[in-house]
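S.K.:
Number of protein chains: 2
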Amino acid sequence: MLKEERFQIILKQLGLDQKVYLGGLSALLNVSEDTIRRDIKELADQGLLKSVRGGAVPHSPGPHHFRDRMFYDNEQKQIIARKALTFLKNDQVVLFDGGTSAMLIAQMLPKDLRLTVITNSFPIASLLEEHEYVEVLFAGGRLLKNSFVTIGSDTIQFFKKFRADICLLGICSIHTELGVTGPHYEESEVKRAMIGASKEVIALASTEKLGTAEAYYVCPTDQLSVIITDQPADSDEFKIYSDLGIRMV
Amino acid sequence: MLKEERFQIILKQLGLDQKVYLGGLSALLNVSEDTIRRDIKELADQGLLKSVRGGAVPHSPGPHHFRDRMFYDNEQKQIIARKALTFLKNDQVVLFDGGTSAMLIAQMLPKDLRLTVITNSFPIASLLEEHEYVEVLFAGGRLLKNSFVTIGSDTIQFFKKFRADICLLGICSIHTELGVTGPHYEESEVKRAMIGASKEVIALASTEKLGTAEAYYVCPTDQLSVIITDQPADSDEFKIYSDLGIRMV
DNA sequence: CTTTATTTTGCAATTATTTGCAACAAATGT
DNA sequence: ACATTTGTTGCAAATAATTGCAAAATAAAG
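In order, the protein sequence lines correspond to chains A and B. According to the working numbering, the first sequence is numbered sequentially starting from 65. According to the working numbering, the second sequence is numbered sequentially starting from 65.
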């Protein structure tokens, strides 16, 4: 019997019962438990299941909570967040994008800052709960379960009602000619609405996102007032943006 | 039995009853209480529940003070929630009020129920995150920090767009002549909008709320289709409502 | 078709985890 | 303050994982 055959059977059993035991599989497939253990390890490495003591269970299906996701690679994002904070002044109306960059800013926001925050992101609204002087306006709409933001025409309509001072925009890809682009159609639409509802747009972009492009168009590069990156502002590769009149930070 | 299986069962029991006891789980799973205690500790570390003396309670992602309120006097509310669940069928559009009663229903909602839920409550939306077949539409508006619901004209406008099958309405006070009333002006307005956007209105009322009144008017009693209480439906004091054509449960 | 190289498999010794128990500490209720 | 219940800690037995190694199976090469 081929190893791949065993793999298939293991995965099938797992789908059937939501669990498999080393002993059971060993008997079923006529191989030693050691072999099963090695198989499971290999499948686990491929992310197809989760290896646990005595067997395996399906790879955690439930989307992890947004708070977990947040602390992954926050080195660069923290730098960006710190820079972004310098732009926020008392009594401003600020649009917060739903991405993790904006989330980190929300988390680092001084407790005594007096703002009106408009957002479509649950995590951001939650984070601002304890900020006594921050008024939160939440954009309604269809709730996207995995990223916990609202999208759709309701969300867009909501943003259109405002004229904010600043929009903090998480950036997926940015390119001098192709402009700002993102991987999701509906999120791009929401971002566009946010940009339209704000006087200034501050883009939050880790350096590796510069010069890349995704499928869905958000806005031309020159609609951005400021681009905040994790690098010093005087870097050479930023010159093309500076020349467009965008302030690099 | 795998440790993960126990985890699953513990979490399932917790979802069913909103509480688990060391003794009960020990008997159910045929392991010592020590093991259960260790399991609960591990699950608590993962943030999947809250370990308490003698057992565990759910750890909802919502804000803390909200959660605390929830498990204080939940005996009655659990009875109400269980009854309310019998009204929910696949493919319905359901409005969830922002109160704790509705929250408990959301928490006890079967994972395989297929619903469209429209709500202005963060905690409820969060609870429904893992319900694969529940689509959540969130009403935007000004975010009320302490109760984590949105209110205001945006919220009201949002609800007005729909024609839902059922509205689950948490009740503060209800009186045969004065109708349904509440202690907050703006929340009353939102409730009124929700009632107007639904074919059927199911009121969730602990018995002590019957016959009382608060400052702000929500709707006349006869707009309610069903009143769910923690008492058996045939109680004498319910007769006045039954006579109004309201179904008491 | 044989021989060699590579991978896979099973086994045994070692190491790590899990589990239940018991003694003790802390909390809760009366 | 006392009795009772629950939590904690350390420990030993049971169970599972890891490692190194040799036999078997498979693939590759001549």
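Here a beta-carbon is modelled for each residue, glycine too, at the ideal position from N, C-alpha and C.
Taking the alpha helix (DSSP H) that B:Ser-165 falls in, what are its first and last residues?
M.R.: The residue you call residue 165 of chain B lines up with position 101 of the second sequence. Taken as a continuous stretch (DSSP letters only), the alpha helix (DSSP H) holding B:Ser-165 covers 164-172.
S.K.: Using only the alpha-carbon positions, how far apart do B:Ile-292 and B:Phe-226 sit?
M.R.: Residue numbering aside, residue 292 of chain B sits at position 228 when the second sequence is read from its first letter. Residue numbering aside, residue 226 of chain B sits at position 162 when the second sequence is read from its first letter. Each residue's alpha carbon lies about 24 Å from the other.
S.K.: Does the beta-carbon of B:Val-116 have 16 or more other beta-carbons within 10 angstroms, so that it is buried, or is it exposed?
M.R.: Stepping through the second sequence from its first residue, residue 116 of chain B is reached at position 52. Per the 10 Å Cβ criterion, exposed.
S.K.: Near B:Ile-100, what residues of its chain come up, given a Cβ to Cβ distance below 6 Å and the 5 sequence neighbours on each side ignored?
M.R.: As a first step, residue 100 of chain B must be located in the second sequence, where it is residue number 36. Hits under 6 Å: Leu-86, Leu-89 and Ser-90.
S.K.: From the DSSP output, read off the bridge partner residues of A:Tyr-63.
M.R.: This structure cannot settle anything about residue 63 of chain A, because the visible part of chain A is limited to 65 through 313.
S.K.: Please list the residues of the region 159-180 of chain A that have a C-beta atom closer than 8 Å to any C-beta atom in chain B, keeping them in chain order.
M.R.: Taking 8 Å as the Cβ-Cβ cut-off against chain B, none of the residues of the region 159-180 of chain A qualify.
S.K.: Counting only Cβ pairs nearer than 8 Å, list the residues of chain B close to A:Asp-155.
M.R.: Locating residue 155 of chain A in the first sequence gives position 91, counting from the first residue. Those do not exist, as A:Asp-155 stays about 17 Å from chain B at its closest Cβ, beyond 8 Å.
S.K.: Taking C-alpha atoms, which residue in B:Ser-190, B:Ser-165, B:Glu-199 and B:Pro-187 lies nearest to B:Val-181?
M.R.: If you number the second sequence from 1, residue 181 of chain B lands on position 117. Ranking the options by Cα distance to B:Val-181, first place goes to B:Glu-199.
S.K.: Going along the chain, which residues of its own chain have a beta-carbon closer than 8 Å to the beta-carbon of B:His-129, five neighbours each way excluded?
M.R.: Within the second sequence, the letter at position 65 stands for residue 129 of chain B. For B:His-129, the pLDDT reaches just 45, beneath the cut-off of 50, and the residue's location in the model is therefore unreliable, leaving the point undetermined.
S.K.: Does the count of Cβ pairs from the region 73-82 of chain B and the region 291-311 of chain A closer than 8 Å reach three?
M.R.: Touching, no, given that fewer than three Cβ pairs across the two stretches are closer than 8 Å.
S.K.: Compare the C-beta of A:Ala-203 with all C-beta atoms of chain B and state if any pair is closer than 9 Å.
M.R.: In the first sequence, residue 203 of chain A corresponds to position 139, counting from 1. So yes, A:Ala-203 belongs to the interface.
S.K.: Return the chain-ordered ranges of every alpha helix (DSSP H) run that is complete within the region 159-241 of chain B and spans a minimum of 4 residues.
M.R.: Listed in chain order, the complete alpha helix (DSSP H) runs (minimum 4 residues) inside the region 159-241 of chain B are 164-172, 186-191 and 217-224.
S.K.: List, in order along the chain, the chain B residues whose C-beta lies closer than 7 Å to that of A:Gly-119?
M.R.: For the purposes of this step, residue 119 of chain A is taken as the residue at position 55 of the first sequence. Ordered by position in chain B, the residues that pass the 7 Å Cβ test against A:Gly-119 are Leu-66.
S.K.: Which of the three DSSP states is assigned to B:Val-121 in this structure?
M.R.: Position 57 of the second sequence, counting from 1, holds the residue named residue 121 of chain B. The answer is strand: DSSP assigns B:Val-121 an E or B state.
S.K.: Let me confirm a value: A:Tyr-136 is counted as buried when at least 16 other C-beta atoms fall within 10 Å, else exposed. Which label applies?
M.R.: For the purposes of this step, residue 136 of chain A is taken as the residue at position 72 of the first sequence. Since pLDDT at A:Tyr-136 reaches only 47, below the 50 mark, its modelled position is unreliable, and the value read off the structure follows with that caveat. The residue in question, A:Tyr-136, is exposed, as its Cβ has fewer than 16 Cβ neighbours within 10 Å.
S.K.: Is the separation between the beta-carbon of B:Gly-79 and that of B:Gln-171 shorter than 9 Å?
M.R.: Against the second sequence, residue 79 of chain B aligns to sequence position 15. Against the second sequence, residue 171 of chain B aligns to sequence position 107. In this structure, B:Gln-171 lies closer than 9 Å to B:Gly-79 by Cβ.
S.K.: Whole angstroms are fine: how far does the CA of B:Thr-271 sit from the CA of B:Phe-212?
M.R.: Counted from its first residue, the second sequence places residue 212 of chain B at position 148. Counted from its first residue, the second sequence places residue 271 of chain B at position 207. Computed Cα separation, rounded: 25 Å.
S.K.: Please report how far the alpha carbon of B:Arg-146 lies from the alpha carbon of A:Gln-156, in whole angstroms.
M.R.: Here residue 146 of chain B is taken as the residue at index 82 of the second sequence, counted from 1. Here residue 156 of chain A is taken as the residue at index 92 of the first sequence, counted from 1. Taking the straight line from one Cα to the other gives about 46 Å.
S.K.: Between the alpha carbons of B:Phe-302 and B:Phe-223, how many angstroms are there, rounded?
M.R.: Taking the second sequence and counting its residues from 1, the one referred to as residue 302 of chain B is at position 238. Taking the second sequence and counting its residues from 1, the one referred to as residue 223 of chain B is at position 159. Roughly 30 Å between the two C-alpha positions.
S.K.: Using a Cβ-Cβ cutoff of 7 Å, what residues of the region 214-236 of chain A are near chain B? List them in chain order.
M.R.: So the close ones are Thr-214, Asp-218 and Phe-222.
S.K.: In chain order, what residues of the same chain lie with their CB nearer than 6 Å to the CB of A:Gly-246, ignoring the 5 residues before and after it?
M.R.: By 1-based counting over the first sequence, the position of residue 246 of chain A is 182. Cys-236, Ser-252, Glu-278, Tyr-280 and Val-282.
S.K.: Can you tell me where the alpha helix (DSSP H) holding B:Ile-100 begins and where it ends?
M.R.: Position 36 of the second sequence holds residue 100 of chain B. Unbroken alpha helix (DSSP H) run through B:Ile-100: 97-109.
S.K.: Thinking just about the alpha-carbon of each residue, which of B:Leu-149, B:Leu-242, B:Ala-257 and B:Pro-174 is nearest to the one in B:Thr-183?
M.R.: Start at 1 with the first residue of the second sequence, and residue 183 of chain B comes out as number 119. Ranking B:Leu-149, B:Leu-242, B:Ala-257 and B:Pro-174 by Cα distance to B:Thr-183 puts B:Ala-257 first.
S.K.: Mind listing the chain A neighbours of B:Arg-206? Cutoff is C-beta to C-beta under 9 Å, in chain order.
M.R.: In the second sequence, the residue the question calls residue 206 of chain B occupies position 142. The answer, in chain order, is Glu-199, Val-200, Leu-201 and Phe-202.
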